[in-house]
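Participant: Chains A and B are the protein sequences, given in the same order. With the working numbering applied, the first sequence corresponds to residues 1 to 112, in that order. With the working numbering applied, the second sequence corresponds to residues 1001 to 1114, in that order. Heads up, the beta-carbon is just placed ideally off N, CA and C, and yes, glycines get one too. One structure follows; several queries about it will come next.
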Amino acid sequence: AQSVSQHNHHVILSEAASLELGCNYSYGGTVNLFWYVQYPGQHLQLLLKYFSGDPLVKGIKGFEAEFIKSKFSFNLRKPSVQWSDTAEYFCAAHTGGFKTIFGAGTRLFVKA
Amino acid sequence: DTGVSQDPRHKITKRGQNVTFRCDPISEHNRLYWYRQTLGQGPEFLTYFQNEAQLEKSRLLSDRFSAERPKGSFSTLEIQRTEQGDSAMYLCASSPPVGSNTQYFGPGTRLTVL
């Protein structure tokens, strides 16, 4: 069955630390990949997406993600986190049809 | 563009009662999705509409669940004979007719079944 796995459920970092959140998907065909973020008290919103082309995609607020097809991975990175990055982050995959599959999410807490 | 809205934001009901939730997508968005999210999990796909046609349903959507989008604008999700296991956040999202599958999410309806 198609699935999306996020390796860390909770991450705690100090401000200015670097961030990498892991995401792996299980699907052998063409896949569209997303990272969504949910800030406290707010709706889910798109952070960045990959459809084709350059496997390194840049999103809002200095986030980027790299699609590595051979590893079925789409890890999220940010070189220097801020307190305002405290949120829950969801990786998602659209593998055809109309269904998007989400990972379980990673809660990031950034200490000021 | 006022975003996706959902009503009510919270619903508390007793087991066995029926509940109905409403979703108003972003205008011009013809694609509409319903998800269910429980604590510690990501959103789970329930169903998808393109205009008024329901094109995909998850096996999670048992016969107690029904969704409609009669005029291709707002949508409703009804749960009949609610069970405690139905307690969750129900999310609605919409996408524009062309381009990416980027989904714009509403605030959700939190259902508590006592």
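1) Compute the beta-carbon to beta-carbon distance between B:Gln1041 and A:Ala104, rounded to the nearest angstrom, for a pair I have assumed lies under 8 Å.
2) Check the Cβ of A:Ala104 against every Cβ in chain B and list those closer than 8 Å, keeping chain order.
3) Could you tell me whether any Cβ in chain A is nearer than 8 Å to the Cβ of B:Pro1008?
4) Could you check if B:Asp1063 is buried or exposed, using at least 16 other CB atoms within 10 Å of its CB as the buried criterion?
5) Measure from the alpha carbon of A:Trp83 to the alpha carbon of each residue in A:Val37, A:Lys111, A:Gly28, then state which is nearest.
6) What is the DSSP secondary structure of B:Ser1087, reduced to helix, strand or coil?
7) Can you find a CB in chain B that lies within less than 8 Å of the CB of A:Lys58?
8) Taking Cβ-Cβ distances shorter than 8 Å, what residues in chain A pair up with B:Ser1005?
9) Please return the same chain residues whose Cβ sits closer than 8 Å to the Cβ of A:Gly62, not counting the five positions on each side in sequence.
10) Taking the CB atoms as reference points, tell me whether B:Asn1018 and B:Gln1084 lie closer together than 8 Å.
11) Using the beta-carbon of each residue, which ones in chain B are nearer than 7 Å to A:Asn32?
12) Taking 8 Å as the CB-CB limit, is B:Tyr1048 close to chain A?
13) Using a Cβ cut-off of 8 Å (strictly closer), state whether B:Gly1085 contacts chain A.
14) Do A:Asn75 and A:Glu88 have their C-beta atoms within less than 8 Å of each other?
15) Residues in the same chain with beta-carbon distance under 7 Å from B:Thr1102, minus the five sequence neighbours each way, listed in chain order, please.
16) What whole-angstrom Cβ distance do A:His114 and A:Gly22 have, given they're in contact under 8 Å?
17) Pick helix, strand or coil for A:Asp85, following the three-state DSSP scheme.
Facilitator: Taking the structure as given:
1) 5 Å
2) Gly1040, Gln1041, Gly1042
3) no
4) Note on B:Asp1063: under 16 other CB atoms within 10 angstroms of its CB, so exposed under the neighbour-count rule.
5) A:Lys111
6) Looking at B:Ser1087 - three-state DSSP - the assignment turns out to be coil, as it is neither helix nor strand.
7) no
8) Simply none; closest approach about 10 Å.
9) Lys78, Pro79, Ser80
10) no
11) Asn1101
12) yes
13) no
14) no
15) Ser1095
16) Because chain A is modelled from 1 through 112, residue 114 of chain A falls outside the range shown and cannot be assessed.
17) helix
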